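For the protein sequence lines, the chains are A and B, in the order given.
With my numbering, letter number 392 in the first sequence gets 418, and the count goes up by one each step, no holes.
With my numbering, letter number 183 in the second sequence gets 187, and the count goes up by one each step, no holes.
Below: the structure, in structure tokens.
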Amino acid sequence: MLVFCKACIRKDISDEREFKHDVVRTETSFNFPSEPKNIVILGKDLLQSQAPIGKFGGEMILSTIGEGPKTFNPFTSKDSTSSTMSAMMFDGLFSTSPKDGKIIPRLAKSYETKDGMTYIVHMRHGINWSDGVPITADDVVFTWNKIILAGLGNTSIRDMVTIDGKLPKVYKVDDYTVKFVIPKPFSPFVRILATQIAPKHIFEPIVKQGAKEFDSFYSTNTAPELFVTSGPYRLKEYLAAQRVVFERNPQYYMVNKENKKLPYLDKVIYLIVGDLNNEILKFEGHEIDVISLRGSNVAPYKLKEKKSDYKIYNLGPDTGTMFVVLNLNRRKNSEGNYYVNPQKQFWFTNKDFRTAIDYSLDRKNMVQNIANGLAKPLFTPESLNSIYLNKSIKGHERNVAKSKQILEKSGFKIGKNNKLYDKFNNRVEFDLYTNAGNTEREAIGVMVKQDLEDLGMHVNYKPIEFNTLVNKMTTTLDWDMIIMGLTGSPLEPYDGKNVWSSMGSLHLFNQRTEPSQIEDRYPFEIRLDEIFDSAPLKLDFAEQKKLYDEYQQIIYDEKPIIYLYSPIRIVALRKKFKNIYPSQLSGITYNIEEIYEDKK
Amino acid sequence: MQILFYILKRILQTIPLLILVSIISFFIIRLSPVDPLAELKLNPSISKETLKSEEIRLGLDKPLPIQYLKWAKGFVQGDLGVTTTGEEVSVKLGERIPNTLLLTLVVIFLTWSVGVPLGILAAVNWKTPFDRVLTVITSIGMAIPSFFFAILLLIFAVKSGWFPVGGLTSYNFNEMNLPQQIFDIVHHLFLPVVVLFTISLAGLQRQMRANLLDVLDSDYVKFARAKGLSEFKVIFKHALRNAVNPMITLLGFEFSGLLSGAALTEYVFQYPGLGRLILEAVMKSDINLVMASLMIGAIMLVVGNLIADILLIITDPRIRAKA
């Protein structure tokens, strides 16, 4: 059904392919106003936006694809839509600069640390929750001690700050000062400090009732008037499968240069749309104001841009990465059978085999034909906008001759009719999976299959349903090669620990199920473990960068995962909105409180 | 009294049926290699401990028969359980059922109030140009696949700007006054209703026409005409009452389709009904949600048939005599 729908939309819009190159070539220069400043007005510590002064009023309509938020509680949300919604209503202590990813103040005024183990956080005087109750150190201490560290809701923050099995300690120094103590220096901690804070006077009675009550608190069934928020907005209306409406929080602590309370927009509305095609129709029908454009949709939009009421922004490569992963697993399952047939193990664990595959893949062709030129070839596990990107890895062009040379050197033989055999005379033949329904990955699968067949390999390409694929990948482990994509953080490589450490829950290429299996680590896995154990303990950016550079080099050399490309993010947004400063790191509507509608 | 006894007997008969339906659907869903936690597992920031506790929360660590018995016990006690994301299934269904009912009831009301009279007219005017034109139109209606027609209308809505692109209400619905609100809902409902109406009208009209033609050809109608009754009396008193039986059975099926019949159209029009919810639940193997909707479907079917049978007893003395 979706295929049909897409086909009709495509046909409907004239296809002007030459324009896509223009889009890529427009290197967007990112101009930002200076960062918001801490100011004191009548004894209140406020945050002053440095963006040009705008007009109050108006509304912006955005969209979210899928079934909408599952909860509005920032501490129980496990999916990105729910997190986006709760971020509208709850501010963190700190935030990251859209320009360079540095820590900038938000709910907290500042922090200081001497040894990287004790952090003193200074709160603002005279700022309030949306119901008028002051935001103080009590809220912070309560949130950390009774919610996050107590293991309520989504425990991923707790897992991240567990250092050597020990949890951080959080103390109240006075009403406006909080002290955090961690057992040893741990650089990702500052970013984790930015976590959202809950209103103690609302959450305390719920926390006392236990985990079950907490999980269903501030859910989608909670009446909007019950929400007490610290962010620029508060909930006004939620209608299942239709929309979420936010209205401005009159108590918000940010002001503009004239010291008038932000945000500018009275309302922010998220329409819940089922799929991409419907989102496009809604943008064309002027029902939404912002849309992320992909692949073939960009050209027609660019073509119509001049006569239209929207502007197209190029945000550069995003945090998504497309890759091919090989199964390097040499273990047996509980029934005593090998996860991967030993004959195939012999190929996959051979570095030359993996290198040959890497050289045979035509990334340029994929970028041109699958992403319509709106992507960049990728050779590193860190995404191209990462501040830790190892720029010395330059990558390579496709080189089939070199691939064949490497294979032959390693004992593989290319027989009659260009068929590849290993040194035991077994035909090289394996399965390639990806998730059906994702047209982009399906197309990559076809190209990878063709590229590998040029080497004489026989590839059985099987797109299967997403949940089934993940089950294969993480539980049954009976696969050979998979095309996947993951999103990482451009600011913190340590977030990928679950992928790179050998006991990680998402250690794709050599998933272990029991701790004892750590014995059979490959040498490069041992080094990766060392890097991911030691890098977070370094507080100096340069020292960290050195270690993370090494990890990227290891992945590039060893190729357990072969990276293909990173899509470029293109967003169309109506021209009537001002104070738009697109950022590679934060996207386009991250400064929602500064955005205003210029009605003419 | 006899009818009450009959109803009781029928209800008892449905119990084993429902148990069988629930067992078959439960095991088919659970035995498929679909992992309800797939999305969490592919999130690099979710730890093994979190995954483990999620598994325990959803009961995925227990053997299948135990999982089934746990579900069945809850279902009998009226507890539909929670979704994989921890929301109450009954609440989720409660959010959507009124929307779906609104759409299907409007469609059923329209098709029956237009389709039946048109069928009668076509039968009475058999082989006249009126009947032939109607035959052509209904054939077209029957031939168009519903999702395709829906997509065509959706694109029409975008291009013309006359209709909203899917949904049920506008984002500023709450600020409108009552007439505006009614207009807004009608505005949104128009296209999905057109799709469903066109398609079910065709079938209904053909059915009615065929039944009536059958009866008009029978001896007792000829006799009624021969004894000089007016054409109106012949058709409404003698023919129609005998032609209506299959229509009542059809009405029973319409009842069972109240909640599920419009799923495809709902999906295309992004209508906030059950269709979208169930589709996503099936994709994610959200067992409690899928089971709840399947059981509702099965119960609706049984109840629909029961209603039809009871109506038949009331309208048709022949069946009454046999029962």
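All C-beta atoms in this analysis are idealised placements derived from N, C-alpha and C, irrespective of residue type, glycine included.
Everything numeric in this text was worked out from a predicted model, so none of it was measured.
As DSSP reads the structure, residue 487 of chain A sits in a beta bridge with A:458. Linking residue 562 of chain A to residue 569 of chain A through their CA atoms gives a straight-line distance of about 10 Å.
Identification of chain B residues near residue 307 of chain A by a Cβ-Cβ cut-off of 7 Å yields 158, 162, 169, ordered along the chain. For the segment 25-53 of chain B, the set of residues with a beta-carbon nearer than 9 Å to any beta-carbon of chain A comprises 36, 37, 38, 39, 40, 41, 42, 43, 44, 45, 46, 47, 48, 49, 50, 51, 52, 53, in chain order. Inclusion of residue 611 of chain A and residue 177 of chain A in the CB contact set at 7 Å is not warranted, their separation being larger than that value. In the three-state reduction of the DSSP assignment, residue 288 of chain B falls in the coil class, being assigned neither a helical nor a strand state. For residue 581 of chain A, no CB of chain B lies under 7 Å from its own CB, so it is not counted at the interface with that chain. The closest CA to that of residue 221 of chain B, considering only B:239, B:75, B:200, is found on B:239. Straight-line measurement puts the Cα of residue 545 of chain A at about 54 Å from the Cα of residue 278 of chain A. The segment 236-256 of chain B and the segment 138-158 of chain B do not touch, with fewer than 3 CB-CB distances between them shorter than 8 Å. For the segment 100-117 of chain B, the residues whose beta carbon sits under 7 Å from a beta carbon of chain A are, in order, 100. In the assembly as shown, residue 325 of chain A is a buried residue. Its beta-carbon has 16 or more other beta-carbons within 10 Å. Contact annotation for residue 276 of chain B against chain A: 265, 266, 267, 268, 298 [CB-CB distance below 9 Å, chain order]. For residue 181 of chain A, the chain B residues whose Cβ falls inside 8 Å of its Cβ are 51, 53, 54, 57, in order along the chain. Segment contact: the segment 279-286 of chain A against the segment 170-187 of chain B, fewer than three CB-CB distances shorter than 8 Å; contact not assigned. Nearest to residue 539 of chain A by alpha-carbon distance, out of A:429, A:358, A:91, A:118, is A:358. Secondary structure note for residue 473 of chain A: its alpha helix (DSSP H) is the uninterrupted segment 465-479. Here the alpha carbons of residue 268 of chain A and residue 251 of chain B stand approximately 36 Å from one another. By the neighbour-count criterion, in which 16 or more other beta carbons inside 10 Å mark a residue as buried, residue 181 of chain A falls on the buried side. Cβ-Cβ separation between residue 565 of chain A and residue 179 of chain A: approximately 30 Å, too far for a contact (criterion under 8 Å). Neighbours of residue 492 of chain A in chain B, taken as residues whose beta carbon is under 7 Å from its own, are 42 in chain order. Under a criterion of Cβ atoms nearer than 9 Å, the residues of chain B adjacent to residue 532 of chain A are, in order, 45, 46, 47, 48, 50.
For residue 428 of chain A and residue 385 of chain A, the gap between their C-alpha atoms comes out near 7 Å.
Below 8 Å, enough C-beta pairs join the segment 581-599 of chain A and the segment 339-353 of chain A to call them touching: three or more.
Look at the segment 116-159 of chain B and you find these whole runs of alpha helix (DSSP H), each 4 residues long or longer: 133-147.
For residue 226 of chain B, the enclosing alpha helix (DSSP H) begins and ends at 223-230. Identification of residues in the segment 207-240 of chain B having a C-beta nearer than 9 Å to some C-beta of chain A yields an empty set. Nearest to residue 330 of chain A by alpha-carbon distance, out of A:348, A:310, A:183, A:321, is A:310. Inside the segment 294-348 of chain A, DSSP marks whole beta strand (DSSP E) runs of 3 or more residues at positions 316-319, 336-343, from first to last along the chain. For residue 346 of chain A, the closest C-alpha among the options A:64, A:287, A:406 is that of A:406.
The count of Cβ pairs closer than 8 Å, one atom from the segment 397-414 of chain A and one from the segment 505-517 of chain A, reaches three, so the stretches are in contact. For residue 251 of chain A, no alpha helix (DSSP H) run applies, since DSSP gives it neither H nor E.
Of the residues B:64, B:174, B:44, B:204, the one whose Cα lies closest to the Cα of residue 193 of chain B is B:174.
Around the Cβ of residue 73 of chain B, a 10 Å sphere holds fewer than 16 other Cβ atoms; the residue is exposed. In the DSSP assignment, residue 551 of chain A falls outside any beta strand (DSSP E) and within the unbroken alpha helix (DSSP H) covering 549-560. The beta-carbon separation of residue 133 of chain A and residue 152 of chain A, rounded to 13 Å, does not stay under the 8 Å limit for a contact.
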